[in-house]
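Student: Numbered according to mature numbering (1 follows the signal peptide of the UniProt record, and there is no 0), the sequence shown spans residues -26 to -1, 1 to 218. The structure is given below, and queries will be raised subsequently.
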Amino acid sequence: MQNKAPIRSWLLLTFTLILWGPPAVAGSVSDTQKVPGHAAIAKLVADHLPATTTNHRFDIITPLAVLSSLETCTSIDAHFTRQPQRLAGRTMVELHCTDLAQPTSRYVQINVIATGEYLVASRDLAANHTLQRTDISIQQGDLSQLPRHALLATPNAIAQALGQQLRRSLTQHSVLQANLLSRPNVVNFGDELLIEASGSGFQITRTGEAMDTGAIGDIIRVRLNNKQLLRVEITAAGRARPAQ
């Protein structure tokens, strides 16, 4: 006689699955927008993103239970507890509700993930090399991973980098950093300088010997023919004016 136990088990399993129905599918609409203060944080982040940002998002790290007191608030202001030098990575935001009987503030830690463009060396560059446009390339990546003094790919940053000298050598694709650049010296110790002073209706020129080395805009000491020392500002190679 055929054993009917396997058949009964199979029928029971089938009946159970019919009662349960298909598995539930999670909704595609995110609950993020329901978080108190989310819209205020989103606007704050968008207003302070680095100029070369191409894509971004942010995550709220602070437990959402901390924000429960703001759930009934209809007007929430957000500001950074400390202005970030470059908005990428973790930072603190203060949320302030002004429409409650007792104004309420909560502090929230967020993590900003921003992708953007920055400047890199297009080839290996030696120390003391003077940067030209062909030495600089634009690269895209996670801005939070950049060094503190990294140069973003703005027209102003590119213009400022051109003509500057490298303090040390760089390999290809290394990030260009402001603290690794210096203005080239146009005056060396012992150089003869033409010192020009002008005003309303007069112009005076004198010569002197440079007692320091410097770039355009630097303040150095100059020894005049009468041995007097004078502080001057370098205006060009071999030229200066009395320092203010």
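We put the beta carbon where it would ideally sit given N, CA and C, even for glycine. Just so you know, these numbers come straight off a predicted model, no measurement behind them.
#1: Give the straight-line distance between the Cα atoms of L168 and Q202, rounded to the nearest whole angstrom.
#2: To which residues does DSSP link T181 through a beta bridge?
#3: By the DSSP assignment, the alpha helix (DSSP H) with N85 in it spans what residues?
#4: Check whether the segment 178 to 196 touches the segment 204 to 215, taking contact to mean three or more Cβ pairs, one atom from each stretch, closer than 8 angstroms.
#5: Use the C-beta contact count for A171: other C-beta atoms within 10 angstroms, 16 or more gives buried, fewer gives exposed.
#6: Using a Cβ-Cβ cut-off of 6 angstroms (strictly less than) and excluding sequence neighbours within five positions of E45, which residues of its own chain qualify?
#7: Roughly how far, in whole angstroms, is the beta-carbon of L41 from the beta-carbon of R80, given that I think they are within contact range, below 8 angstroms?
#8: Identify whether R141 lies in helix, strand or coil by the three-state DSSP scheme.
#9: For T179, count neighbouring Cβ atoms within 10 angstroms of its own Cβ and tell me buried if that reaches 16, exposed if not.
#10: On the CB-based measure, 16 or more other CB atoms within 10 Å of its CB, does A14 come out buried or exposed?
#11: Does I(-9) come out as helix, strand or coil in the three-state DSSP assignment?
#12: Under the rule that 16 or more other beta-carbon atoms within 10 Å means buried, what is residue 235, buried or exposed?
#13: If residue 221 sits next to S118, beta carbons under 8 angstroms apart, how far is it from one beta carbon to the other, in whole angstroms?
Tutor: Taking the coordinates as given:
#1: Cα-Cα distance, rounded: 15 angstroms.
#2: L168.
#3: For N85, there is no enclosing alpha helix (DSSP H); the residue is part of the beta strand (DSSP E) that begins and ends at T78 to A95.
#4: Contact between the segment 178 to 196 and the segment 204 to 215 is present, because at least three Cβ pairs lie under 8 angstroms.
#5: Looking at its Cβ environment, which holds fewer than 16 other Cβ atoms inside 10 Å, A171 is exposed.
#6: Here the set comprises P10.
#7: At roughly 6 angstroms, the Cβ-Cβ gap stays under 8 angstroms, so L41 and R80 are in contact.
#8: R141: coil per DSSP, three-state reduction.
#9: By the Cβ-count criterion, T179 is exposed, with fewer than 16 other Cβ atoms from all chains shown falling within 10 Å of its own Cβ.
#10: It is buried - the Cβ of A14 has at least 16 other Cβ atoms within 10 Å.
#11: Because the pLDDT at I(-9) is just 37, under 50, the model does not fix this residue reliably, and the point stays unresolved.
#12: No statement about residue 235 is possible, as the shown extent of the chain runs from -26 to 218 and does not include it.
#13: The structure shown has nothing for residue 221, since the chain only spans -26 to 218.
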